[in-house]
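Colleague: What follows is a structure written as structure tokens; I'll ask about it next.
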Amino acid sequence: MSAPDFAAIRREEFAGITGAIYLNSASTGPLPARTVRRVGEYAALRASPFQMNDHDLFSELDRARELTGRLLNVSPGEIALAFNTSYGLNVAARGLPLERGDIVVASDREFPANVYPWMRLAERGVTLELVPVTPEGWPDEARLLERMADPRVRVVAVSLVQFSNGYKVDLARLSARARATDTFLVVDAIQGLGAVPVDLAATPVDILSCGGQKWLLSPWGSGFVYVRRELIPTVEPVVMGWMAFEGTDDFTRLTDYDPHLREDARRYEMVSLPFQDFAGYNTSVELLLEAGVANIAGHIAALHAPVLEWAARRGVRISSPTGAHASGILCVAIPNAAEAYKAVRAQGVTASVREGAIRLSPHLFNTADEMVRVTEMLDRL
Ligand SMILES: Cc1ncc(COP(=O)(O)O)c(C=O)c1O
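Position in the sequence shown (from 1) plus 70 gives the number in our numbering.
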């Protein structure tokens, strides 16, 4: 797929960030103009609900499952729509068949959304083991792989990309080992999806959860959880949505209760869902698919380059990996990072400070010129 015209995308879809240097998609991705329009159209319709019908609402959800399936190269029937990342991680923690004595392994310093649901399983006698990070502060993948050989380790829960340093796991390696050792592989994908290509047909995982609000450039309240088809009969839905059951599509016969859960991942959905947010999600995901996630990843890597060159020249430590484990996040561990960030913030740069570094998270709308300007600001401190 040939590279899109990123400058045109910026001009047409991201006028809202011009005048500022927005390098913070790892916190909140900006909504493209077409998404803002779509959500607005929904709100306008909602002012006169007689203009809407059930079919339109539910076909929006069908489209969201279909587009998500395309993004991950899986079938729409393996997608349950959800309102954030945490929901899907709870589906995993509460729904996987874990028993007293089982161990869940995760890396230390994971984002808490991927820690607390597992920690709470202590009440069922399931232990969460946090594997210490490497001296660089990254997940110790070799150790995670090693721990999978222990038959008590039933789950490995990882972020696709670490929120605080951008470390991207080797999903192919984890996936292969998880298959070989019969360990459940659960992935929090919110810091990667949209900026990092993911192909679950090539690198299968068991459960993957993602909110739309960051790299997917989608409204708060949109997101999904993927559950591998073969696992759907095994992962117990822990909360019961009224549309999780067969027979609820016919709204004229809702009280003909049917105890059969849907065969597909909709058994995990908690309808009603925010239809206007999924209309926005669909519009944003279409934009990402049009641009091509591999192209976006290439664009972002090119944006990182001037910062990496500057850091090498100035002897500033980069706390993010480069090479195979690089992602959209680039962390500059400049001394007194909080103070340094305050100074660049005053000059119109929005990023974040995480674990003693300035976290830059450029996306498809950013330019190399913006990155160079940030290095110049840092130079003048
Ligand atoms: C790795 C990771 N997981 C999850 C979240 C957020 O979870 P949720 O979508 O449930 O708010 C974040 C950031 O806010 C994150 O960085």
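From the three backbone atoms N, C-alpha and C, an ideal C-beta is built for every residue, glycine too. Values in this document were obtained by computation on a predicted structure and should not be read as measured data.
Confirm the yes/no value for this check: CB of Arg-437, any heavy atom of ligand 1, distance under 7 Å.
Modeller: According to the sequence displayed, residue 437 carries Thr and not Arg. Checking every heavy atom of ligand 1 against the Cβ of Thr-437, none is found closer than 7 Å.
Colleague: Within a Cβ cutoff of 7 Å, which residues of the same chain sit near Ala-335, ignoring the five residues on either side of it in sequence?
Modeller: Gly-147, Glu-148, Ile-149, Ala-150, Val-297 and Ile-302
Colleague: Only counting runs of 4 or more residues, tell me where the alpha helix (DSSP H) segments fall wholly within the region 331-377, in order along the chain.
Modeller: Whole alpha helix (DSSP H) segments, 4+ residues: 345-361.
Colleague: Going by C-alpha to C-alpha distance, which of Ala-176, Gly-262, Val-309 and Leu-166 sits closest to Ser-397?
Modeller: Gly-262
Colleague: In whole angstroms, what is the alpha-carbon distance linking Leu-198 and Leu-430?
Modeller: 31 Å
Colleague: Would you call the CB atoms of Ile-173 and Arg-247 closer than 8 Å?
Modeller: no
Colleague: By Cβ distance below 6 Å, which residues in the same chain neighbour Glu-425 in space, the five residues on each side in sequence not counted?
Modeller: Ser-234
Colleague: My parser needs the alpha helix (DSSP H) runs of 4 or more residues fully inside the region 139-196; what are they?
Modeller: 155-165 and 186-189
Colleague: Which residue or residues does DSSP assign as beta-bridge partners of Val-257?
Modeller: Val-228 and Leu-278
Colleague: Can you look up Ser-422 in the DSSP assignment and give me helix, strand or coil?
Modeller: strand
Colleague: From Ile-399, Asp-178, Gln-346 and Arg-249, pick the residue whose C-alpha is nearest to that of Thr-204; which is it?
Modeller: Checked all of Ile-399, Asp-178, Gln-346 and Arg-249; the closest Cα to Thr-204 is Asp-178.
Colleague: When every heavy atom of ligand 1 is checked, does at least one fall within less than 7 Å of the C-beta of Ser-156?
Modeller: yes
Colleague: By how many angstroms is the C-alpha of Gly-171 removed from the C-alpha of Ala-113?
Modeller: 50 Å
Colleague: Alpha carbon to alpha carbon, how far is Glu-206 from Lys-238? Give it in angstroms, no decimals.
Modeller: 14 Å
Colleague: Thr-155 to Ala-381, Cα distance in whole Å?
Modeller: 33 Å
Colleague: Give every residue of the same chain whose Cβ lies closer than 6 Å to the Cβ of Asn-436, excluding the five residues on either side of it in the sequence, and list them in chain order.
Modeller: Leu-373
Colleague: What ranges does the alpha helix (DSSP H) occupy inside the region 278-333, keeping only unbroken runs of at least 4 residues that lie completely in it?
Modeller: none
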